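Protein chains in written order, with numbering that gives the first Met the number 0: chain A, 0 to 482; chain B, 0 to 520. Where is the CB? At the ideal position from N, CA and C, for every residue including glycine. Quick caveat, the model's predicted, so the values are computed rather than measured.
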Amino acid sequence: MTAAFNPGVDTLHALPEVFLCTMAIIVLILSFAVPDRRGWMEGLSVAAVVGTGALLLWQLGEPVSAFSGMYLVDNFALFFKAVFLISTLFVILMSINYLQLERVPVGEFYAVLLFSTLGMMFIASGGNLLSLYVGLETMSISIYVLAGFLKRDRKSNEAALKYLLMGAFTSGVILYGIALLYGLTGTLDIKQTAATLVQMNLSNPALLLAMVMLTAGFGFKIAAVPFHMYVPDVYEGAMTTVTAFLAVGSEAAGVAALLRVFLGAIPQIQGDWAVLFWILSVLTMTVGNVLAMAQRNMKRMLAYSSIAHIGYVLIGFVVGTEQGISAMLLYVLIYEFMTAGAFAMVIYLRTETVKGDLIEDFAGLARVRPVAAAAMVIFLMSLTGIPPTAGFVGKFYLFGAAINSGYIWLAVVAAVNTAISLFYYMRVAMVMYMLESPGPVSVSSSRPLYAALIFAVLGTLIMGIYPGPFLDLAQASLMGLMK
Amino acid sequence: MNVLNFPLLSLITFLPLLAALLLLFIRREREGLIRGVSLLFTVLTFIVSLWLPVLFDFGSGEMQLVEKASWIEAMGVSYYMGVDGISLWLVCLSTLLSALSVLCSWDSITDRVKEYYIFLLLLETGMIGVFLALDFFLFYVFWEIVLVPMYFLIGIWGHPARRLYAAIKFFLYTLFGSVVMLLGILAVYFYAGNQTGRYTFDILELMKISYPWSPSLVSFQNLVWLSFFLSFAIKVPMFPFHTWLPDAHTEAPTAGSVILAGILLKMGGYGFVRFNLGMFPEATWYFVPFMVTLSIVAIIYGAMVCLVQQDMKRLIAFSSVSHMGFVTLGMFALNMQGVQGSVLQMVNHGLSTGALFLIVGLIYDRRHTRMIADFGGLSTVMPIFATLFAIIMFSSIGLPGLNGFVGEFLILVGAFHVDWRWAAFAVTGIVLGAAYMLWLYQRTMFGIVTHRENSDLLDLNFREAMTLIPIVILCFWIGLYPAPFLRAIEPSVKKVVTHLDKARKVVEGGPSPTLSAVPKR
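Encoded structure:
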């Protein structure tokens, strides 16, 4: 079953990760070796991301399994790695000016960010429960550090500590689930776990317990209700770029891990976890949307909104068909662009004097900066799911998958939630267009940030108006994941 | 079918969008140029849309001038446009009212002119697209696009006191209906796809399928019918779903009210004819008693509420509830006269109520109040205005010789054929309608000038008169010689009604007790 271990060839298969890791180390070393060369760090980080992306393109083709099946290169892995790299690129572009405003050490930030991305990439390629777990930890520990980067800010400290404690606890729960699976099957390889379970035709309560443990653990990573308690505080306290990274990168990684483990290792009890996730999905989108309505802080609102979107994504998981899973992948990709755009707008309002993370801070923006306000309207429309934006296509495809598989009520709940979400998203539009700012509106003038905004707007519109290729992409990415 | 092989429908739909894009490149200080470009393009769109009736084959009930291109092949979505007798006049109405809306905003909108006209033009593209789209995906895209600019028009340029509330209420209500309809669309799509093996959003293809129906509320066809119903009933709006309308119509700027009343409400009526009647005939028969009850309640309730209004704009807003009740009543008579009358009445109502909102806008611009009590004796001060108002008012009441009469008459004939009591109730609405309109006119126009501020009001200037005169001409035209309008509508309506008649046999074969309430035609 497992291929022989061949260090040279296998390392070649993992070249993107090797490259990214090397670049991250170089950035880290340079950050204290040449402290004054600020532009270098950003340039090197962007080069690291772009270079890794190019190496991924080179990997396209037949699926490969390396390091005795611990590391997989299939379309699914490549898709998610691309998603992670895009989100990292967004975060770097947003951070370039922002970090100077917050006065944080630049080099270390980018190095840790790249290490975190590296962890995510190992999750996407994880063919073995343990290698996947190591990826998850690499990502999480880097993010604990990132969340507390504002050393003198009490909220940032609180965010980091909360995230660390909850995260450490969750890691334990996930490990416990993995241990139970290992105890039942005697293997950590994901494919073999599934095969063994089929062979044994097991109906052991321990299997269900393992499933519940894994659900709780991954539920925490993707911030599904009721494992979401940490999200608003962490999102609010962390630097805005880190929040964006949490929202787009870390959640996508959680989804990747969830899909790898549940569809790879325990598809046999899909009926059981479909019920569990049905409840989680309904809870997550409803709680997320209802609580988002009450927020006055933009970052908190986006935190609850991201919870709600995970609820939508889980619809595809409940459905569990090829259509449902590809709808999930498409939604993750779309979600990344619109959410990154919304966070970029929060950073856009951050200047020397203004913190800019309250919803009121957007007041009068349409008068002073009509283009930026229009961009924000596009993101908000997409987050609500109004055509012709990408968010609509994503929801359309998800709802379609649910209806086609007979999950009518799930689709109805999601539809009602869409209407609820309109209320708080449009309130931001209302504040921008229909209220006047009490003082002068000042905004950031960072070119990289503009680039991130343009990139996000283009993504949101192109995927909304011409989604065909992206649909095909999501469908093709299932290869290697499902039978 | 398109002999010229020229994408006329796309041109009409996207000319306003092109204009909106052009406006992006004009500096915001050049307000005159912005107005000029908007007017030029909306008038141009109107003129181009007049080619539709010229090229239209009046004898055919099929879709004409169709354009089709593949769009999202993986899902069976195509860019598919076409026009038939049901949509033809609604498209022309949209282009006309859009041009008049630009004209009526000329002096009254002075703040953020650029954004205003961009939103107005985007709105026009959305409205026209809704009537022309023959692909469900495309239809839904246009359907939703309409909401966004309208939200901003109400929220930014509306009446300051309650515009924020009115704007979000409008948006929430209609979006809620829309997403429920989206589920219905998806259900139809997958049902048809699983049956035929070919997944498509092509509306005409989906109409050919017969969807499973049984005389139970939870049968597939009834549920899907209800999901469409919810969206359209909110849009029309039908009786218990109308509460967004008085707020939105009253708080919107004049052009917003004109377009809301003139066209957005018609999108609901159009949806009923095209989808509920055309696609789910059995369910339509099943729900006739329900729909007729709601329609009659709307007719009478709407009219009675009008009698107690003190705000002119609110009065006209509620009159729409009553008038649209007629439209849905005629529609659900499910016979030639009724459906034909209600399609024509949608155009009539668009003209007359659009004009009434223009009229309120004209005096609001002068006096900055809409309260009936603040006026009186205006006919001596503003004779031209009084004359035009009188004609429009009579059109709205349904005086013979004007357009409202033709539509209401057909609807009443259609209703009478089914059950005389329906017609009797509806006639009460007409009487009440005459009462509140005449009383409104009397209080504001006749008598001596009761407020000194009103004694030196200026009569209409040329631009203002031009916003009303095209409508007045059409009111007379449809009133005196409706034949060309009806001739275009007839074949398409016939197709729908024939389809419905076939379904009736299926329905009557069933053991449903509710159907005994539907008498023979």
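Check, Outcome
"Expected contact under 8 Å - CB spacing of A/Ala413 and A/Phe398 to nearest Å", "6 Å"
"Min CB distance B/Val179 to chain A below 7 Å", "yes"
"Contact belief for B/Leu8 with B/Glu66 at Cβ below 8 Å, rounded distance in angstroms", "6 Å"
"7 Å Cβ shell around B/Val272 - same chain, five flanking residues per side excluded", "Ile85, Met330, Val338, Val342, Val495"
"Local Cβ density within 10 Å of B/Lys312, reported as buried at 16 or more and exposed below that", "buried"
"Cutoff 7 Å: B/Val140 Cβ touching any chain A Cβ", "yes"
"Residues that DSSP places opposite B/Glu66 in a beta bridge", "B/Met80"
"Per-residue contacts from A/Met425 into chain B (C-beta, under 8 Å)", "Tyr150, Ile167, Phe170"
"Rounded C-alpha distance that separates B/Ser37 from B/Asn460", "20 Å"
"Cα-Cα separation between A/Leu43 and A/Val103, rounded to whole angstroms", "18 Å"
"Proximity winner among B/Phe445, B/Ile488, B/Phe138, B/Ile25, relative to B/Gly376 (alpha-carbon distances)", "B/Phe445"
"Distance between B/Ala482 and B/Lys519 (C-alpha atoms, nearest Å)", "Note that B/Lys519 has pLDDT 45, beneath the 50 cutoff, so the model's placement of it is unreliable and the number below is only indicative. So the alpha carbons of these two residues sit roughly 28 Å apart."
"Cβ distance (whole Å) where A/Gln99 is taken to contact A/Leu77 below 8 Å", "Wrong, their Cβ atoms sit about 35 Å apart, outside the cutoff."
"Among A/Asp188, A/Leu245, A/Asn416, A/Ala389, the one whose alpha carbon lies nearest that of A/Val281", "A/Asn416"
"Residue range of the unbroken beta strand (DSSP E) whose run includes A/Ser64", "63-65"
"Closer than 6 Å: A/Pro266 CB and nearest the ligand NAD heavy atom", "What this structure holds is no ligand at all, so the ligand NAD is not there to describe."
"Cβ-based burial, B/Trp419 [other Cβ within 10 Å; buried from 16]", "exposed"
"A/Ile402: contacting residues in chain B (beta-carbon distance under 8 Å)", "Leu182, Leu185, Ala186, Phe189"
"Sequence-distant residues of its chain with Cβ nearer than 6 Å to B/Tyr526 (five each side left out)", "Nothing about residue 526 of chain B can be read from this structure; chain B reaches only from 0 to 520."
"Sequence-distant residues of its chain with Cβ nearer than 6 Å to A/Leu71 (five each side left out)", "Ser64, Ser124, Gly126"
"Those residues which DSSP pairs with B/Leu333 across a bridge", "Paired residue(s): none; B/Leu333 is not in a bridge."
"Buried or exposed by the 16-neighbour rule on C-beta atoms within 10 Å, applied to B/Asp364", "exposed"
"Contacts that A/Thr417 makes with chain B (C-beta to C-beta distance below 7 Å)", "Val178"
"Assigned secondary structure, B/Ile447 (DSSP; H/G/I helix, E/B strand, else coil)", "coil"
"Straight-line gap, A/Pro369 to A/Ala223 (C-alpha atoms, nearest Å)", "35 Å"
"Neighbourhood of A/Thr383 by C-beta, 6 Å cutoff - its chain only, sequence neighbours within 5 removed", "Ser420, Leu421, Tyr424"
"Cα-Cα separation, B/Leu122 to A/Thr10", "57 Å"
"Nearest-angstrom Cα separation, counted from B/Gly340 out to B/Asp373", "37 Å"
"Spatially closest choice to A/Leu208 from A/Tyr181, A/Ile189, A/Pro225, by CA coordinates", "A/Tyr181"
"B/Ile561 versus B/Val320 - alpha carbon distance", "Nothing about residue 561 of chain B can be reported from this structure: the residues present for chain B run from 0 to 520 only."
"Start-to-end residues for the alpha helix (DSSP H) that takes in B/Val187", "162-195"
"Members of the stretch 65-77 of chain B near chain A, C-beta cut-off 8 Å", "Trp70, Ile71, Glu72, Ala73, Met74"
"Classification of B/Asn4 by the beta-carbon crowding that lies within 10 angstroms, buried from 16 upward", "exposed"
"Beta-carbon proximity of B/Arg503 to B/Trp212, cut-off 7 Å", "no"
"B/Gly255 at chain A interface by Cβ criterion, 7 Å", "no"
"For B/Leu120 and B/Pro148, the rounded distance between their alpha carbons", "9 Å"
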